[in-house]
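Engineer:
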Amino acid sequence: MPNGNGLSRRSFVKRSLAGAAVLGAVAAVPGWLLGRSGGEELPAATNQSDGLGEPIVAYVRDAERGEVVLLQGTREVVRQDRALASHLISCCQEV
Amino acid sequence: MSSHREAPSISKDPVADNTDLYAFVSPGNTVSILANYIPLEEPAGGPNFNQFGDDVLYEVMIDNNGDGEEDVTYQFRFTTQITNGDTFLYNTGPITSLTDPAWNMRQSYSVTKVLGRRCTGRAAVLASGLASPPVRVGPRSTPNYPVLAGAAIHTLPGGEKVFAGQREEAFNVDLGSIFDLGTLRLFQNLHLIPTPAATPVDASKGFNVHSIALQVPTTHLTRDGSAPSDPLDARAAIGVWASASRQKALVREAAGVLAQSAGPWVQVSRLGNPLINEVVIPLGKKDYWNSTYPKDDSQFLQYYSNPELSRLLTVLYPGVFPNLAALNGSGASRADLIAILLTGIPAGIVGGFQNFTGPVQADYLRLNVAIPPAAAPNPLGIVGGDLAGFPNGRRVTDDTTAIELKAFAGATYPLVAPTFVPDGAAALLTDGTTNDIAPLSTFPYLGHPHEGYEHSH
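Chains as they are written, first to last, in our numbering: chain A, 162 to 256; chain B, -1 to 455.
In structure tokens, the structure reads:
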């Protein structure tokens, strides 16, 4: 069974706007970009651009908890979404 | 060095590596802050000479109420433009102005000011498209360099002056000796592994840095917009530090596609007092220290209150520091160093002076903006009786290596324990180096960079 850290590294997935899986999640639930962010301080420069239209980087930080981190522009959104995590993991395993 | 290559991770990321920070009162009720990056720049580093990172967020922070958090922040972001991709040359002819078409690889930058916390404060872009000067290539490529550099001093609508570009490395230090088991060439006959005393060597001689220089009206920085004239006025003490951040993720694409950064900014380097992450914070904590914030510096208190450097001096120079050895052995906390480096010096310790920002322990330069510039600066700063110098902020000419060596050897302990008698050697400690190039007398203060053509390394 994969553990959290190793799996996170292996699960590092990047999708451009032309990509599929992560973008699909954006389209389906557009409100999640306003979801809770990571716990770090975000310099105000991050507010200069909402990053919409830029590529999205997603990684599974904790597979067991279904914790997925999504990065776009200077935004970071952390989602507890086991289905999304599982989907990303299976995408990687298809490679 | 001061903070050059001081931590394992940042030593591999020079573009984001804070090297030195200066903050001092300048004429006209202004404060000048110089934040340097990119250690040990080889002047002849062509064809791709050093430049700021387009993917780095550079920041200068000011705390004016003593809580260890920023109240005013200046942010700098750079953009590189290559005008002619069909040549390997940095310039295709002499660069005679900042708009010269012969200059092939140029940088511009934006300045954003944030009032309040960086994460929640009010941000305003003060300017964008500001030109950095070219690096100093040589007499054919960058003739009349002072004119080019002078044209890159910009005055912003709010009264700030800014400059961002290559400068001469003003921090002198005998790196070769200090990191050879703490040898100081002048005194190495007394070292545990003795060799004859020798002439010091300035290891940074002939190198350049990249500097972000900022001159700000004092009233922009104090808590209530005042320009205090009484040094004992609590509003006069401000804290200054600088940092560099990178975005959380970097994705390298296939050949021909630029790498893509994404995510929030993550701090990878910071700098307040010189030499702290260099010789106070231990190896295992250095990268972590770079990622943390001054408001949380109490977690590192043990390294200031019982510093390794003070203990090393007594071991490496046996018999030379008996009083320091006794102090170390007593288990007494170095309250003098805690005051100088983490809280500021309260009123009543040094006549007519204070730079106390309150009980919050935060590593940053503390500047009393009511102390005017000295007519004849003493490079030993307050230790030398000059209240306008380090550790009251830091000037370009302050010999912070000598000051801190003396302090860690016990020379400043009488500030908190008047009966303590420092060892005679403490007052003599220095690495013995000096900078052979005088700084400019006006903004941006750091000297013009060495030419690649004339380099001597």
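Glycine residues also receive a C-beta, built at the ideal position from the N, C-alpha and C atoms.
All of these numbers come straight from a predicted model, not from anything done at the bench.
Can you grab the Cα-Cα spacing for the pair B:N62 / B:A240, in whole Å?
Structural biologist: Straight-line Cα distance between these residues: approximately 15 Å.
Engineer: Would A:E237 pass as an interface residue toward chain B - the criterion being a Cβ-Cβ separation below 8 Å?
Structural biologist: Yes, its Cβ sits closer than 8 Å to a Cβ of chain B.
Engineer: Relative to the alpha-carbon of B:Q265, which residue among B:L273, B:V255 and B:S243 has its alpha-carbon at the smallest distance?
Structural biologist: Taking only the C-alpha atoms, the option nearest B:Q265 is B:S243.
Engineer: Using the beta-carbon of each residue, which ones in chain B are nearer than 7 Å to A:L232?
Structural biologist: Near A:L232 (Cβ distances below 7 Å), the residues of chain B are K246, A247, A260 and G261.
Engineer: Hey, could you find the ends of the beta strand (DSSP E) B:P37 is sitting in?
Structural biologist: From DSSP, the beta strand (DSSP E) with B:P37 extends over T28 to E39.
Engineer: Report yes or no: do three or more beta-carbon pairs, one from the segment 421 to 438 of chain B and one from the segment 401 to 411 of chain B, lie closer than 8 Å?
Structural biologist: Touching, yes.
Engineer: Just list the residues that DSSP pairs B:R309 with in beta bridges.
Structural biologist: Partner(s): none; B:R309 has no beta bridge.
Engineer: For B:L314, which residues in the same chain have their Cβ closer than 7 Å to its Cβ, ignoring the five residues on either side in sequence?
Structural biologist: The residues are L179, G180, H189 and L190.
Engineer: Where does B:N376 fall in DSSP's three states?
Structural biologist: Coil at B:N376, not helix or strand.
Engineer: How many whole angstroms separate the CB atoms of B:R116 and B:E68, which I take to be in contact at a CB cut-off of 8 Å?
Structural biologist: The pair is a contact, with the Cβ atoms about 6 Å apart (cut-off 8 Å).
Engineer: Can we say the segment 142 to 159 of chain B touches the segment 236 to 256 of chain A, given the rule of at least three CB pairs closer than 8 Å?
Structural biologist: Too few Cβ pairs lie closer than 8 Å, so no.
Engineer: Please report how far the alpha carbon of B:S1 lies from the alpha carbon of B:L378, in whole angstroms.
Structural biologist: One C-alpha to the other measures close to 19 Å.
Engineer: Do B:L184 and B:H152 have their C-beta atoms closer together than 8 Å?
Structural biologist: Cβ atoms of B:L184 and B:H152: not closer than 8 Å.
Engineer: When you compare only the Cα positions, how much space is there between A:L203 and B:L269?
Structural biologist: Bear in mind that a pLDDT of 43 at A:L203, under 50, signals an unreliable position, so the number given afterwards is only what the model happens to contain. Approximately 19 Å, taken between the alpha carbons.
Engineer: Within 8 Å, do at least three Cβ pairs link the segment 285 to 300 of chain B to the segment 360 to 367 of chain B?
Structural biologist: Counting Cβ pairs under 8 Å, three or more are found: they touch.
Engineer: In terms of alpha-carbon separation, which member of B:I279, B:L311 and B:N187 lies closest to B:Q300?
Structural biologist: For B:Q300, the nearest C-alpha among the options comes from B:I279.
Engineer: Can you give me the Cβ contacts of B:T395 inside the same chain, cut-off strictly under 7 Å, excluding the 5 residues immediately before and after it?
Structural biologist: Only P375, P377 and P437 meet the Cβ criterion.
Engineer: Would you grab the beta carbon distance between B:A211 and B:F50 for me? Rounded to a whole angstrom, and I think it's under 8 Å.
Structural biologist: The pair is not a contact, with the Cβ atoms about 13 Å apart (cut-off 8 Å).
Engineer: Could you name the residues of the same chain whose beta carbon sits closer than 6 Å to that of B:A345, not counting the 5 residues immediately before and after it, in chain order?
Structural biologist: Cβ neighbours of B:A345 beyond the five flanking positions: L230 and Q352.
Engineer: Shorter than 8 Å from the beta carbon of A:P218 to some beta carbon of chain B?
Structural biologist: In the sequence as presented, Pro is not what sits at residue 218 of chain A; that position holds Val. So yes, A:V218 belongs to the interface.
Engineer: Going along the chain, which residues of its own chain have a beta-carbon closer than 6 Å to the beta-carbon of B:F205, five neighbours each way excluded?
Structural biologist: Within the same chain, B:F205 has close Cβ partners L38, E39 and E167.
Engineer: State the DSSP-derived secondary structure class of B:A242, mapped to helix, strand or coil.
Structural biologist: DSSP places B:A242 in strand when its eight states are reduced to three.
Engineer: Could you please give the first and the last residue of the uninterrupted alpha helix (DSSP H) stretch that includes A:R243?
Structural biologist: Looking at the DSSP string, the run of the alpha helix (DSSP H) that includes A:R243 is R243 to E255.
Engineer: Just the Cα atoms here: how many angstroms apart are B:V171 and B:V207?
Structural biologist: Roughly 15 Å separates the two Cα atoms.
Engineer: In the DSSP assignment, the alpha helix (DSSP H) including B:D61 goes from what residue to what residue?
Structural biologist: Counting along the chain, B:D61 falls outside any alpha helix (DSSP H), though it belongs to the beta strand (DSSP E) covering V54 to D61.
Engineer: Below 8 Å on the Cβ atoms is my guess for B:A260 versus A:V218; work out the distance and round it to an integer in Å.
Structural biologist: Correct: roughly 4 Å between the Cβ atoms.
Engineer: Whole alpha helix (DSSP H) runs in the segment 264 to 315 of chain B with 4 or more residues, listed along the chain?
Structural biologist: Within the segment 264 to 315 of chain B, the complete alpha helix (DSSP H) runs of at least 4 residues are 274 to 277, 284 to 289, 299 to 303 and 306 to 314.
Engineer: Look at B:V358 and B:G114 and say whether their C-beta atoms are less than 8 Å apart.
Structural biologist: It is not a contact, given that the beta carbons lie outside the stated cut-off.
Engineer: Give the C-beta separation of B:S202 and B:F169 to the nearest angstrom, bearing in mind that I take them to be a contact with Cβ-Cβ under 8 Å.
Structural biologist: Confirmed, about 6 Å.
Engineer: Nearest-angstrom Cα distance between B:T110 and B:R75?
Structural biologist: Whole-angstrom Cα-Cα distance: 9 Å.
Engineer: With H, G and I counted as helix, E and B as strand and the rest as coil, what does DSSP make of B:T77?
Structural biologist: B:T77 falls in the strand class under three-state DSSP.
Engineer: Identify which residue in B:I60, B:T81, B:F319 and B:T440 has its Cα closest to the Cα of B:A234.
Structural biologist: Ranking the options by Cα distance to B:A234, first place goes to B:I60.
Engineer: Determine the DSSP secondary structure at B:N142, reduced to helix, strand or coil.
Structural biologist: It is coil, neither helix nor strand.
Engineer: Is the Cβ of B:V238 closer than 8 Å to any Cβ of chain C?
Structural biologist: The chain inventory of the structure shown lacks chain C, comprising the protein chains A and B.
Engineer: Return the chain-ordered ranges of every alpha helix (DSSP H) run that is complete within the segment 104 to 177 of chain B and spans a minimum of 4 residues.
Structural biologist: With a minimum length of 4 residues, the continuous alpha helix (DSSP H) runs that stay inside the segment 104 to 177 of chain B are 143 to 149 and 173 to 176.
Engineer: In whole angstroms, what is the alpha-carbon distance linking A:E225 and B:F354?
Structural biologist: Using only the alpha carbons, I get a separation of about 49 Å.
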